Amino acid sequence: MENNDLDINIVPIKNASLADLVEKKLMEYLKSNNFNAGDSLPKEMELAEALGVSRNVVREGLSRLKMLGMVESKKRKGMIITEPDILSSMTRLMDPALLSEETMQDVFELRLVLEVGMSDLLFIRKTEKDILRLRNIAEREAKDPKCKTSQKVRSKYEIEFHGKLYSMTGNSTLTRFQKMLLPIFNYMMVVEAKLEEEPPRGKINHFDLIDAIEHGTAEEFRNKMREHLTPHYARFK
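Numbering-wise, the sequence shown is residues 87 to 323 according to our numbering.
Put into structure tokens, the structure is as follows:
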């Protein structure tokens, strides 16, 4: 897209002191003119004149788009449009030290919903190599005596096994989301370990889940995964 061929048809802002209005107008401008990743934005002065505001206000609006990952500065090219990383900001905030217990519980419940709900994708894209890898993880877990005494060791195998399930879906965003949730998962596992009353154990182990993947259906796997996660669901009110 050439800037010379594009009219900067943005409606001027009446109250030039509000940078959030500049941000909104810039977003509308990008959408209405079908900007794509790699396209150059008009210069700050051109945008300021079109909006009827100062360059400082435009700069503030652009900085907000930068924070969203929508634009970046390139040497000799100025501001260009970029494809935002939708999980980047969330990843930095997914820290138990920054979140309330209620929020962490919500996020943990989201993880359970994803694991029960990903069966269809997993069955479409599973391979024999994937199943062998899952079985290897389960066998190492079963032979490790520390699993009976160490919550940390049990969590390690849980993360490895369930992480492999996520990767089997072939959905990179889903896989990244699972990794992003790990700090919350680890925190909630520690909380559960400290409960006075031990939650009921699920009857389905990792070997049962593997058998469902190898010989069963997506629906059977979904039901077994739901049973496997029983100790976590038992905490819900």
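Using N, Cα and C, we set each Cβ at its ideal position, and we do this for glycine too. Every value quoted in this text rests on a predicted model; they were computed, and no experiment measured them.
With which residues is residue i paired in a DSSP beta bridge?
| i | result |
| --- | --- |
| residue 126 | 166 |
| residue 160 | 164 |
Need the endpoints of the alpha helix (DSSP H) that residue i sits in, please.
| i | result |
| --- | --- |
| residue 298 | 292 to 301 |
| residue 317 | 316 to 319 |
| residue 144 | 141 to 153 |
| residue 105 | 105 to 118 |
| residue 179 | 174 to 179 |
Just to confirm, is the Cβ distance from residue i to residue j under 8 Å?
| i | j | result |
| --- | --- | --- |
| residue 207 | residue 257 | yes |
| residue 158 | residue 145 | no |
| residue 194 | residue 271 | yes |
| residue 94 | residue 136 | yes |
| residue 274 | residue 190 | yes |
| residue 211 | residue 165 | no |
| residue 121 | residue 205 | no |
| residue 223 | residue 243 | yes |
| residue 170 | residue 154 | yes |
| residue 268 | residue 247 | no |
Near residue i, what residues of its chain come up, given a Cβ to Cβ distance below 8 Å and the 5 sequence neighbours on each side ignored?
| i | result |
| --- | --- |
| residue 151 | 109, 112, 113 and 157 |
| residue 198 | 315, 318 and 319 |
| residue 266 | 173, 176, 177 and 180 |
| residue 259 | 172 and 173 |
| residue 202 | 308, 311, 312 and 315 |
| residue 296 | 217, 220, 221 and 224 |
Short of 6 Å in beta carbon distance, which residues of its chain neighbour residue i, apart from the five on each side in sequence? Order them along the chain.
| i | result |
| --- | --- |
| residue 245 | none |
| residue 240 | 233 |
| residue 147 | 105, 108, 109 and 112 |
| residue 298 | 306, 307 and 310 |
Can you give me the Cβ contacts of residue i inside the same chain, cut-off strictly under 7 Å, excluding the 5 residues immediately before and after it?
| i | result |
| --- | --- |
| residue 163 | 126 |
| residue 262 | 173 |
Any heavy atom of the ligand GTP within a distance shorter than 7 Å of the CB on residue i?
| i | result |
| --- | --- |
| residue 110 | The ligand GTP is absent from the structure shown, which contains no ligand whatsoever. |
Check your understanding: Curious, which full-length alpha helix (DSSP H) runs of at least 4 residues does the stretch 204 to 266 contain?
Key -> Taken in chain order, the unbroken stretches of alpha helix (DSSP H) that lie wholly in the stretch 204 to 266 and span 4 residues or more are 205 to 211, 214 to 229, 237 to 254 and 258 to 266.
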